[in-house]
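Numbering (UniProt numbering), first residue to last: 1 to 303.
We treat Cβ as the ideally placed atom computed from N, Cα and C, and that holds for glycine.
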């Protein structure tokens with residue numbers, strides 16, 4: 001066939017595409033599953049939030065690769081009140097990381113043998129080797145907050161810890177370990193709302209413990225121990241970073257940024273914004289200052 005002799009025939013013509021008889025009907029899916037407008041909005045919001053995290057989660061992989069190449073060790077502490085979004089943040093931090101090069105440590109009740117050991121020994125036994133990241137879901141700072149509030153340690157044990165922990169961390173850092181200390185801060189009302197949800201949600205009931213049930217009653221006691229911990233253990237060598245966790249997504253995003261900023265790794269994405277939100281991320285020194293101001297205004301610590 002001579003194409004040039006037939007001007008009605010063109011080279012870019014293809015087979016006719018027939019329209020789909022039954023295109024996807026999202027309205028039908030929404031109706032079938034009984035999804036309200038609020039639920040649909042929630043689903044879309046969660047999708048967009050997870051999408052926003054992904055470029056930073058990719059950076060965490062680069063950070064891991066850098067640590068592996070240089071054989072550096074990294075320890076990240078996740079501290080804070082119950083229901084302060086520590087666990088959810090840890091899951092977002094590690095979601096795409098190489099599981100061969102990180103470990104999550106959540107220490108249980110100490111054994112009798114551990115009780116007879118040097119206090120830090122059970123934590124040191126879990127420390128990373130070269131090229132590894134260890135994330136502590138609560139750490140040795142249990143002795144600074146939970147244990148004294150609930151009487152799980154003596155006054156002398158508490159005092160010995162507070163005297164020794166600064167030197168312990170300085171030695172850790174001096175010998176090459178990267179230490180990141182994160183404290184997740186939540187309001188009393190937000191904590192109560194999260195506890196209430198755990199009570200009614202069968203997928204979250206396992207998170208409730210006897211200690212959790214008393215957290216609201218002992219709120220002021222925890223606030224006092226939090227203040228003492230920050231005041232005495234926030235140092236130039238091992239500073240605290242406080243993460244406001246009322247908005248879980250912002251909390252997770254800014255915690256990841258804080259971790260990424262702790263390591264000068266190669267090949268970071270220059271198009272990303274690594275600057276933490278100053279409404280979410282507060283230095284330990286600033287938090288101490290704010291707590292002092294609140295005490296002067298109200299007569300007691302708030303936070």
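Sorting 122, 230 and 74 by C-alpha distance to the C-alpha of residue 101 places 74 at the top. Excluding the 5 residues flanking it on each side, residue 282 has same chain C-beta neighbours closer than 6 Å at 242, in chain order.
Taking the CA atoms as reference points, residue 274 sits about 7 Å from residue 261. For residue 74, the enclosing beta strand (DSSP E) has its first and last residue at 73-80. Ranked by how close their Cα comes to the Cα of residue 178, the residues 129, 45, 120 and 88 have 129 in first place. Judged by DSSP secondary structure, residue 241 falls within the beta strand (DSSP E) whose first and last residues are 240-244.
Beta-bridge partners of residue 184 (DSSP): 80 and 243. The three-state secondary structure of residue 137, taken from DSSP, is strand. In the DSSP secondary-structure assignment, residue 69 is not bridged to any residue.
Proximity of the region 178-196 to the region 77-94 meets the contact definition, three or more beta-carbon pairs being nearer than 8 Å. Under the DSSP assignment, residue 102 falls in the beta strand (DSSP E) whose first and last residues are 102-105.
For a cut-off of 8 Å, the C-beta gap from residue 226 to residue 284 is around 11 Å, too long to register as a contact.
Judged by pairs of C-beta atoms under 8 Å, the region 251-259 touches the region 43-56, as three or more such pairs exist. Just so you know, the alpha carbons of residue 70 and residue 131 end up roughly 7 Å apart. The beta carbon of residue 280 is closer than 7 Å to those of 243, 244, 250, 251 and 254 in its chain, skipping five residues each way along the sequence. Rounded to the nearest angstrom, the gap between the Cα atoms of residue 140 and residue 77 is 9 Å. Taking the CA atoms as reference points, residue 103 sits about 31 Å from residue 196. Under the 10 Å beta carbon count, residue 238 is surrounded by 16 or more other beta carbons and is classified as buried.
Take the alpha-carbon of residue 117 and the one of residue 110: they are about 10 Å apart. Going by DSSP, residue 298 is part of no beta strand (DSSP E) but of the alpha helix (DSSP H) stretching over 284-298.
For residue 88, same chain residues with a beta-carbon under 7 Å away, outside a window of 5 residues either side, are 248 and 252 in chain order.
Taking all protein chains shown into account, residue 229 has 16 or more neighbouring C-beta atoms within 10 Å of its C-beta and is therefore buried. For the pair residue 152 and residue 123, the Cα-to-Cα distance works out to about 18 Å. Ranked by Cα distance from residue 168, the first of 29, 235 and 214 is 235. Contact check for residue 62 and residue 299: beta-carbon distance about 48 Å, past the 8 Å limit, so the pair fails to qualify.
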